[in-house]
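The structure appears below as structure tokens.
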Amino acid sequence: MKEKYGTLLSEQVYAYLMNKGNIAYNHYGYCGTGFVFFEGSILYTHIDEWLLYESGVDYEKGGKYVGIIKAFKTSKAFISWLSEQTDETLSGKETADSWYINNQRITKNRLKNLK
1 MKEKYGTLLS
11 EQVYAYLMNK
21 GNIAYNHYGY
31 CGTGFVFFEG
41 SILYTHIDEW
51 LLYESGVDYE
61 KGGKYVGIIK
71 AFKTSKAFIS
81 WLSEQTDETL
91 SGKETADSWY
101 INNQRITKNR
111 LKNLK
């Protein structure tokens with residue numbers, strides 16, 4: 001889906017993170033990508049058995065991520081960035097690795113259905 005998430009949804013996601021602290025799956029093994037409010041920043045990161053990667057930002061050849069994908073120090077930066085995203089831009093396609101592409105990723109539907 002190439003429809004941008006937009007400002008309204010992005011503001012709702014920010015408010016959710018300030019209230020709940022994270023948007024992440026929590027189960028054994030790789031849990032996809034999520035958002036975590038951590039030490040005053042919002043992290044867009046890979047989650048693995050509820051552990052978030054705390055350093056680095058690169059995809060390592062051989063099939064695994066090392067580190068946080070993106071970090072945001074202000075609400076404005078996070079909302080501005082998220083509002084421009086689409087399911088395609090957050091799909092993991094930049095890895096060209098079928099394990100990561102669309103594997104438990106952030107999607108518009110997932111964000112719209114937060115409770």
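Just so we're aligned, residue 1 is where the sequence shown starts under the UniProt record's numbering, counting upward by one.
For each residue, glycine too, the CB sits at the ideal point set by N, CA and C.
Annotation: the continuous alpha helix (DSSP H) that includes Gly-6 extends over 6-20. Residue state for Ala-77 is assigned as helix, using DSSP reduced to three classes.
When DSSP reads this structure, Leu-43 sits in a beta bridge with Val-36 and Ala-71. For a cut-off of 8 Å, the C-beta gap from Gln-85 to Gly-32 is around 15 Å, too long to register as a contact.
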